[in-house]
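>
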Amino acid sequence: MKAWTLSRYGNPSTLELRDWSDPIPAAGEVRIRIRAASINPIDYKLMRGDLKRIQPVRFPWIPGFDLAGDMEAVGDGASRFRVGDAVFARSAKGVHGAFAERVCLPESWVAAKPASLDFGEAASLPLVGLTTIQGLTQRAALKAGDTILIHAGSGGVGSFAIQYARALGLNVTATCSSRNEALVRELGAQQVICYDREDYRQLDQRFDAVFDLLGGEHTLAAFDLLKPGGVVVSIAGPPDRAFADSIGAGWLLRLGIFFNARRVWQRAERGGFRYFRFLTSPSGEQLTTIAGMVERGELRPLIDSRFPFEQLREAIAHSMQGRARGKIVVEGLV
Numbered sequence: 014m015k016a017w018t019l020s021r022y023g024n025p026s027t028l029e030l031r032d033w034s035d036p037i038p039a040a041g042e043v044r045i046r047i048r049a050a051s052i053n054p055i056d057y058k059l060m061r062g063d064l065k066r067i068q069p070v071r072f073p074w075i076p077g078f079d080l081a082g083d084m085e086a087v088g089d090g091a092s093r094f095r096v097g098d099a100v101f102a103r104s105a106k107g108v109h110g111a112f113a114e115r116v117c118l119p120e121s122w123v124a125a126k127p128a129s130l131d132f133g134e135a136a137s138l139p140l141v142g143l144t145t146i147q148g149l150t151q152r153a154a155l156k157a158g159d160t161i162l163i164h165a166g167s168g169g170v171g172s173f174a175i176q177y178a179r180a181l182g183l184n185v186t187a188t189c190s191s192r193n194e195a196l197v198r199e200l201g202a203q204q205v206i207c208y209d210r211e212d213y214r215q216l217d218q219r220f221d222a223v224f225d226l227l228g229g230e231h232t233l234a235a236f237d238l239l240k241p242g243g244v245v246v247s248i249a250g251p252p253d254r255a256f257a258d259s260i261g262a263g264w265l266l267r268l269g270i271f272f273n274a275r276r277v278w279q280r281a282e283r284g285g286f287r288y289f290r291f292l293t294s295p296s297g298e299q300l301t302t303i304a305g306m307v308e309r310g311e312l313r314p315l316i317d318s319r320f321p322f323e324q325l326r327e328a329i330a331h332s333m334q335g336r337a338r339g340k341i342v343v344e345g346l347v
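So in the working numbering, the last one in the sequence shown is 347, and the numbering has no gaps at all.
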């Protein structure tokens, strides 16, 4: 098969399109012929080595997490799917990824593709959807009537999170640039803060939760906007206390995590708030939930642009600009 591979840390130009042995599904695994994949910021952060202290890559490596395609083979003990079924899935860092013609994954990571979506649309959903569910439902345990501030509302995770939060019955405020205000309102945000016109940190209102997709100074600022007992869920801030356990960190890395995160931990504890910073896990069960919401019209994918498989480098470079409205999709992998 053809696969985009990395042999060392670097930028998109470091990627090489090369021949790679077809994977063989082990017991409990399935092999998917990939029809489309999508780009996430974690892709280029891992490629560049930004996260190598906590998520080192073993080379040679096929990057990519989000995919959709056709079931091509099933291993012993895998029984949920038949050859030819249309599916979508999220891979994981320890597994060769989505920027290839084929991939083998545990059957439990895979779900049937929503029939109303094409492969590119389906491939745009796994990571953003799982991140949102695992953050807002599993960890924050938000319920109908709660209020939430979602940063970067026109991006991949933000655009999904707005729709998901509204489907849960949450009251949603979102931030974005003024050029994306109409889009973010269309997605369901009841209040929009345009960061190029006003400073969200000056808001008088307080929220039950802040979904921090920005990190940096915005993580600490989030606590100032919480109601008593509120929660910050972050995919970009410092690790939480459970993060070191989730990556099997040694004592030296744990010490580094503590010094990096202590201001956030102290702010949360001093204010009586909760703070979660986590790594998204694959889940076919949760993808099935997402598929059902799509078919009921509660969620829709937001596609910024589509690139052919041969232009993966250009697709990642476009993502790195940080201006995409929704997800960037790579197609034509068959």
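Note that the Cβ used here is the ideal one computed from N, Cα and C, for glycine as well.
In this text the structure is predicted, and so the values were computed from the model without any measurement.
Mapping DSSP to helix, strand and coil, what is residue 24?
coil
> If you check the beta carbons only, do residue 145 and residue 101 fall under 9 Å apart?
no
> Work out the CA separation of residue 261 and residue 203 for me, nearest whole Å.
Approximately 41 Å between the Cα atoms of the pair.
> Quick check on the DSSP output: what are the complete alpha helix (DSSP H) runs of length 4 or more inside the stretch 139–167, in order along the chain?
Every alpha helix (DSSP H) of 4 residues or more that sits fully in the stretch 139–167 is shown, in chain order, as 139–145.
> Would you mind working out which of 237, 238, 227 sits nearest residue 247, comparing C-alpha positions?
Of the candidates 237, 238, 227, the one whose C-alpha sits nearest the C-alpha of residue 247 is 227.
> For residue 258, does the count of other Cβ atoms within 10 angstroms reach 16, so buried, or fall short, so exposed?
exposed
> Starting from the Cα of residue 29, find the closest Cα among 75, 57, 36 and give me that residue.
Ranking the options by Cα distance to residue 29, first place goes to 75.
> Excluding the 5 residues preceding and the 5 following residue 177 in the sequence, name in chain order all residues of the same chain whose CB lies nearer than 6 Å to its CB.
Within the same chain, residue 177 has close Cβ partners 145.
> What is the rounded straight-line gap between the Cα of residue 249 and the Cα of residue 329?
19 Å
> Compare the C-beta of residue 246 with all C-beta atoms of chain B and state if any pair is closer than 9 Å.
Among the chains of the structure shown, chain B does not appear; only one protein chain is present.
> At which residue ranges does the stretch 169–209 contain complete beta strand (DSSP E) runs of 3 or more residues, listed in the order of the chain?
Counting only unbroken stretches of 3 or more residues, the beta strand (DSSP E) elements lying wholly within the stretch 169–209 are 184–189, 204–207, in sequence order.
> My output table needs one value for residue 46: the three-state DSSP class, helix, strand or coil.
Shown here, residue 46 sits in a strand according to DSSP, grouped into three states.
> Can you tell me whether residue 218 is buried or exposed? The criterion is at least 16 other CB atoms within 10 Å of its CB, across all chains shown.
exposed
> Taking a contact to mean a Cβ-Cβ separation below 9 Å, would you say residue 281 touches residue 236 in this structure?
yes
> Taking the straight line between their C-alpha atoms, what separation do you get for residue 128 and residue 308?
8 Å
> State the start and end residues of the unbroken beta strand (DSSP E) segment that holds residue 2.
In the structure as shown, the chain begins at 14 and stops at 347. Residue 2 is therefore absent and cannot be evaluated.
> Which value, in whole angstroms, describes the spacing of the CA atoms of residue 37 and residue 108?
13 Å
> What separation, rounded to the nearest whole angstrom, lies between the Cα atoms of residue 116 and residue 321?
18 Å
> Would you list, in sequence order, the uninterrupted alpha helix (DSSP H) runs of no fewer than 4 residues that lie entirely inside the stretch 223–308?
230–236, 256–259, 264–284, 297–308
> Would you call the stretch 155–163 and the stretch 178–190 in contact, with 3 or more CB pairs under 8 Å?
yes
> Does the Cβ-Cβ distance between residue 40 and residue 98 come in under 9 Å?
no
> To the nearest whole angstrom, what separates the beta carbons of residue 233 and residue 276, a pair I think is in contact under 8 Å?
7 Å
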